[in-house]
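Before any comments, here is the structure.
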Amino acid sequence: MGEERKLFLTIFGLFLGGIVAYVFSNTYVSLWFSDLYVDYRAYIDIGEDIYLKEDITYFPDDPKLTMLYRNFNAPLTYEEEIDKPFIKVLEVNGPFVPYIKDWRGRVYIKGGNDEDKSVIRRRAQNNEVGIYSKKGFDGKQTLSSEFLLYPPVNDDGVYQHVNIKLADKHVYYRSVNITLRDEKGIIEAVYPHLPLYSLRMEGNRWIIEGRAPENTIVEVELVLKGLEGEHFYQPATDIPLRVKNANEKFLKEKHLRDSFRKILLTIIFLFPVILFIVYRIFGREKTFSVPRFLSFIPNKDRKPWFVNMVFNGDATETDESAYYSTLLDMERRGIIEIVEEPDDVKIRVKEISVEDPYERKILMFLTGNASEEGIFSIKDMEKKVEELLKYKDAKALKQLKKSFDDILKFSHRESYKDLLSLKGFHIVRICAFLLSLVILGIFVYSYNFFYAYNYDIIVLSLISLVLINIPHVILPKQIFGRWKGSYYKERLEWEAFKNFLSDLAMMKKYAPEDMVIWKDWLIYGVALGVGEKVEKALEELNIKIPEVKKARLLYHRTSHYYRSLNRGVESLTSASSKGLGGFGVGGGFGGGGAGGR
């Protein structure tokens, strides 16, 4: 796949990921698995009396639910008044058997029978209204209730203060709509307390819209002027200032939350644009004309590991194919001898002094893990892993894995620095690092919000942190770099040679008779990650060279050893880790909320 295509697919993926992040940030995922959620609508009239009408639409998805309720933390009465702040039920309507259970535990029902009343008395809580159905509920149900509120009212002689808590222990409120009707014009200020909300005024109505996840607060704090009627008044001073100060932290968190959301969305959708700009300035290559297939090795002076590192995949680091191809190449040159056995691969080092940095590293690894006879055996290495596991020597096992990882993932800057400029890649990585610091700062700060809704901030933070680090971690570094001179042309030639080795029909068409060429093709094919394609062509053409069997056995035995090494490290690591009515938000009168049982 060409560099531009990889880049554009990545940019498209980042935009798509941004859209997913936006959708998930606006969707409470746990709602998908919820047995019950509601839509909540409240109408509050502020006059001599404080009148509350609630329409709660329940969406049950559990056949075991037989009661849908709305309870209060304050005393609930029916046809009586008491000498402390209370809520008086005027009307309860709904399907099946609507009921009231007051503060003393007395039950009132509409319809139903004595058996229904007995079940409600036993299962319902005090201070509760709801609907009961012995057979459960099929589809959405709506409970409509009307109340008169007699809350504590703070009065400084000019202004009055009322804090009405509509919910604090409840199921998910998918939508919240609260309308405050102020026919007499006595509302001076409105302070909503919801995790997520908007507030607007239409004529003599204040309209609050939002949503509230489980057990979050739904509250309205009011500053009034001229409230009359029978309420539970208590003296206070400087009400407007006290209410403003009490809400300062809540409003600050809300403004911060809104700003954080805008910043995160800007990062998510601006970062792909930054990538494109960096690519255009620092990564776009000259145009060279290279055929799709090349039937000869572009540059025989290049070592297989160098071709693997620079001209295949990431241009700064090898993969395991470099290791296999280098072993085959060193055997061809007489530096080592590879001996295959039915259940083992043995390697004898014949020459230790080499100048090539990667070959020298491999030889040091082989001799450092060889037997007294100077033979490196993969089977012996597997036995060594078993022995370290037996004695639970995690440190030695990790060191063994690291020494092998250093072979499989080898980077040598001196080898590629004259071929490739990585300025654009470093710019992308630095941008990602700085933006990650911003995102982590937002995440940590918002995670400790006391009042404000932070679910969407956390979702956006986590997803954006992943998205902006994908390009410099996943994409080859050279996409944002630029090849010097005509080295990009050489890379295209190696890609064309790889295409040739991947096409059986082309290899059959240009099949050489010289075995040496086939050996070279196999070695460089392994380095380019298409060694199996070359092996298949050799089988189709009935050409037999010993390197095929050695390459296959090397791959299978080494892969088996490496898997056992990884499993060993993971098992020891996981085993060791197991040892180790007031002012402000929440001070309102009422509480409780909708639920089901």
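Take the sequence shown: its position 134, counting from 1, is numbered 133 in numbering that gives the first Met the number 0, and each next residue is one higher. By construction, the Cβ of each residue, glycine as well, lies at the ideal position given by its N, Cα and C atoms.
Local Cβ density within 10 Å of K391, reported as buried at 16 or more and exposed below that = exposed
If you drop the 5 nearest sequence neighbours on each side, which residues of the same chain put their C-beta closer than 7 Å to that of K488?
-> Its chain contains F287 and V289 as the residues whose beta carbon lies nearer than 7 Å to that of K488, once the 5 sequence neighbours on both sides are disregarded; these appear in chain order.
Mind the definition here: the region 34 to 42 touches the region 153 to 160 only if three or more C-beta pairs lie below 8 Å; say whether that holds.
-> no
Would you say I542 faces chain C, with C-beta separation under 9 Å as the test?
-> Note that chain C does not occur in the displayed structure, where there is just one protein chain.
Looking only at DSSP bridge pairs, what is L142 linked to?
-> I55
Can you give me the Cβ contacts of D313 inside the same chain, cut-off strictly under 8 Å, excluding the 5 residues immediately before and after it?
-> P475, K476 and Q477
Nearest-angstrom Cα separation, counted from S445 out to K63 | 38 Å
DSSP-derived helix/strand/coil call for D38 | strand
Of the residues T366, L388, L461 and L399, the one placed nearest S570, counting alpha carbons only = L388
For the candidate residues H559, R103, E534 and S174, whose alpha-carbon lies nearest to that of K548?
-> E534
Would you check if the region 254 to 272 and the region 400 to 410 touch, i.e. whether three or more CB-CB distances between them fall below 8 Å?
-> Look at the beta carbons and you see the region 400 to 410 not touching the region 254 to 272: under three pairs across the two are nearer than 8 Å.
Under three-state DSSP, which class holds A321?
-> helix
So is R562 buried or exposed if we call it buried at 16+ other beta carbons inside 10 Å?
-> exposed
Where does T178 sit, in a helix, a strand or coil, going by DSSP?
-> It is a strand residue.
Assuming I377 contacts R566 under a Cβ cut-off of 8 Å, what Cβ separation, rounded to an integer in Å, is found between them?
-> About 16 Å separates the two Cβ atoms, so there is no contact after all.
Bridge-paired residues (DSSP) for G592 = N70
Have a look at K243 and E252 and give me their C-alpha separation to the nearest angstrom.
-> One C-alpha to the other measures close to 14 Å.
Can you tell me whether P94 is buried or exposed, with buried defined as 16 or more other CB within 10 angstroms of its CB?
-> exposed
What residue from S324, S460, W304 and L67 has the CA that sits closest to H411's CA?
-> W304
Look at the alpha carbon of I438 and the alpha carbon of P212, and state the distance between them as a whole number of angstroms.
-> 24 Å
Rounded to whole angstroms, what's the CA-CA distance from G528 to L293? Just pull it up for me.
-> L293 has its alpha-carbon roughly 16 Å from the corresponding atom of G528.
Are the CB atoms of L35 and F58 nearer to each other than 9 Å?
-> Taking 9 Å as the Cβ cut-off, L35 and F58 qualify as a contacting pair.
Which term fits V384, buried or exposed, when burial requires 16 or more other beta carbons within 10 angstroms of its beta carbon?
-> Buried is the call here.
Assigned secondary structure, F624 (DSSP; H/G/I helix, E/B strand, else coil) | Only positions 0 to 596 of the chain appear in this structure, which leaves residue 624 out of reach.
Reducing DSSP to helix, strand and coil, say where I544 ends up.
-> I544: coil per DSSP, three-state reduction.
Might you give, ordered along the chain, the residues of its own chain that have their beta carbon closer than 8 Å to the beta carbon of Q233, omitting 5 neighbours on each side?
-> P151, V152, N153 and D154
Reduced DSSP category for H192 - H, G, I as helix; E, B as strand; rest coil = strand
Alpha carbon of F479 to alpha carbon of L419, nearest angstrom | 10 Å
C-beta contact flag for V427 and S24 at 9 Å | no
Whole-angstrom Cβ separation of L147 and I49, contact assumed at under 8 Å?
-> 7 Å
Do L310 and L564 have their C-beta atoms within less than 9 Å of each other?
-> Checking the displayed sequence, the identity of residue 310 turns out to be Phe instead of Leu. Cβ atoms of F310 and L564: not closer than 9 Å.
If you check the beta carbons only, do G46 and F268 fall under 9 Å apart?
-> no
How should K139 be labelled, buried or exposed, when 16 other C-beta atoms within 10 angstroms of its C-beta is the threshold for buried?
-> exposed
In this structure, what does DSSP give as the bridge partners for K345?
-> V338 and S376
So is E227 buried or exposed if we call it buried at 16+ other beta carbons inside 10 Å?
-> exposed
Span of the beta strand (DSSP E), counted from its first residue to its last, around G530 | That residue, G530, is in no beta strand (DSSP E); its alpha helix (DSSP H) goes G530 to E539.
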